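In our numbering, the protein residues as written are 412 to 805.
By construction, the Cβ of each residue, glycine as well, lies at the ideal position given by its N, Cα and C atoms.
Keep in mind that this is a model prediction, so the values were computed, not measured.
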Ligand SMILES: Nc1ncnc2c1ncn2[C@@H]1O[C@H](COP(=O)(O)OP(=O)(O)O)[C@@H](O)[C@H]1O
Ligand SMILES: [Mg+2]
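See the structure below:
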């Protein structure tokens with residue numbers, strides 16, 4: 412509806428014009444009233460949400476905060492106050508986020524905050540947090556920018572007290588170190604003992620048998636032609652003696668292959684591989700690259716023992732007719748892969764802590780933070796992978 416024409420002043424307005432204007436005013440008032448009701452409804456529901464949000468935030472067990480662009484607090488939850496020892500008055504007085512961390516780390520904090528403002532940083536970072544009373548604790552902080560009209564106007568985030576976690580991590584690391592040291596110590600004690608026993612058996616028993624053999628030769632020479640019975644006895648004694656000397660050699664090289672000490676790892680492995688093939692009939696294939704590896708004695712012993720135990724397992728359990736071993740040095744790591752073509756070890760066997768042979772294998776590489784992986788595929792054989800870092804001595 413259009414207003415009647417020729418409106419100049421109120422005196423000149425016709426009755427119809429006045430009624431029309433009155434209606435307009437009424438309508439506007441109704442609209443305003445409706446808008447006001449809506450505003451109050453929205454305010455009320457915002458109040459409700461704000462209350463809900465605050466309750467929720469106060470329930471969280473870690474510090475929640477909001478900062479303005481000058482790094483002053485706009486908000487923190489009750490845990491924040493309790494954790495850091497500040498109160499609302501401190502916030503009103505304008506304490507700064509940086510005051511919650513030791514001075515040495517404020518630079519780092521500043522850098523990370525700038526990154527967050529630039530939109531690149533999302534991961535948590537660790538800091539040493541500083542309470543009002545001067546004590547400190549380890550904290551992990553996650554933050555993200557508060558955006559307004561697509562511009563960052565502040566920061567909100569969470570400070571997580573990780574003191575307990577740090578302690579547990581440290582304890583775990585300490586006990587791992589202890590375990591590693593103990594394990595290395597036990598290995599070397601065991602090797603020393605084996606070496607000693609091998610030497611004793613070889614030297615003492617070996618020499619005694621050699622002396623007995625000399626005596627037999629001496630007696631044999633003094634036999635008269637008619638003493639055939641004694642001659643036969645001496646003959647069988649010779650046989651037994653030779654066998655015993657061989658057995659003693661085998662036991663002592665098993666305990667500690669002299670080759671390993673005298674000629675080094677490659678020679679010892681080659682010898683073992685060939686000896687294994689002769690004893691078991693299982694074909695043994697060995698590839699070593701570079702042919703002469705420069706590996707210290709401790710690691711060489713560990714590698715030799717792992718090789719020995721793995722091949723013994725192949726002979727005992729795999730029902731294989733071939734085993735291939737590939738040894739190389741790759742990026743400062745010694746890597747050995749031993750593959751058989753047998754029935755394949757099961758995952759249950761690999762993970763069973765009662766399998767002391769396999770546990771022993773893993774223990775062999777602990778001193779250098781090495782790693783052993785064992786995988787089997789049914790009727791497709793078993794693979795044993797061994798890594799030993801060569802560039803650290805712990
Ligand atoms: N090369 C292999 N092929 C198939 N099974 C294997 C192989 N090596 C080990 N196993 C299985 O894993 C088990 C654990 O091996 P280990 O701890 O050395 O114990 P042990 O040799 O004294 O039986 C063996 O009993 C066997 O069942
Ligand atoms: Mg075994």
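Residue range 562-572 is occupied by the beta strand (DSSP E) that includes residue 565.
Taken through DSSP and simplified to helix, strand or coil, residue 757 comes out as coil. Residue 775 is positioned such that its CB atom lies no closer than 9 Å to that of residue 768. According to DSSP, residue pairing for residue 695 in a beta bridge involves 734. A straight line joining the alpha-carbon of residue 606 with that of residue 520 spans about 57 Å. Checking the 8 Å criterion, the Cβ of residue 729 is within range of a heavy atom belonging to ligand 1.
The continuous beta strand (DSSP E) containing residue 538 extends over residues 536-541. Sorted by position in the chain, 724, 768 make up the residues whose C-beta lies under 5 Å from a heavy atom of ligand 2. Burial check for residue 683: the Cβ neighbour count within 10 Å reaches 16 or more, so the residue is buried.
Per DSSP, reduced to three states, the secondary structure at residue 785 is strand.
Counting only unbroken stretches of 4 or more residues, no alpha helix (DSSP H) element lies wholly within the segment 427-451.
Residue state for residue 528 is assigned as helix, using DSSP reduced to three classes. With a threshold of 8 Å, the Cβ atom of residue 763 counts as near ligand 1, since some heavy atom of the ligand is closer than that. In the structure shown, residue 582 falls within a helical segment according to DSSP collapsed to helix, strand and coil. If you draw a straight line from the Cα of residue 651 to the Cα of residue 701, it is about 43 Å long.
Residue 551 has 537, 571 as its beta-bridge partners, per DSSP. According to DSSP, residue 798 shares a beta bridge with 746, 782. Here the alpha carbon of residue 798 sits roughly 49 Å from the alpha carbon of residue 468. By a beta-carbon distance limit of 8 Å, residue 801 contacts residue 745. Their separation comes to about 6 Å. Ranked by how close their Cα comes to the Cα of residue 547, the residues 553, 554, 555, 538 have 538 in first place.
The Cβ neighbour count for residue 566, taken over all protein chains shown within 10 Å, is at least 16; the residue is labelled buried. Taking 8 Å as the cut-off, the C-beta of residue 717 does not count as close to any heavy atom of ligand 1. Non-local beta-carbon contacts of residue 623 in its own chain, meaning distances under 7 Å to residues more than five positions away in sequence, involve 652 in chain order. Three or more Cβ pairs closer than 8 Å define a contact, and the segment 724-735 meets that threshold against the segment 748-757. Per DSSP, residue 512 lies in no alpha helix (DSSP H) and is assigned neither H nor E. Of the other Cβ atoms in all chains shown, 16 or more fall within 10 Å of the Cβ of residue 779; this residue is therefore buried.
In the DSSP assignment, residue 477 is bridged to 486, 567. With distances taken between CA atoms, residue 715 lies nearest to 674 out of 730, 674, 691. Three or more beta-carbon pairs separated by less than 8 Å link the segment 616-630 to the segment 638-658, which places the two stretches in contact. Here residue 558 is bridged, per DSSP, to 563. Within the DSSP bridge table, the entry for residue 763 names no partner. Taking 9 Å as the cut-off, the beta carbon of residue 786 is found no closer than this to the beta carbon of residue 754.
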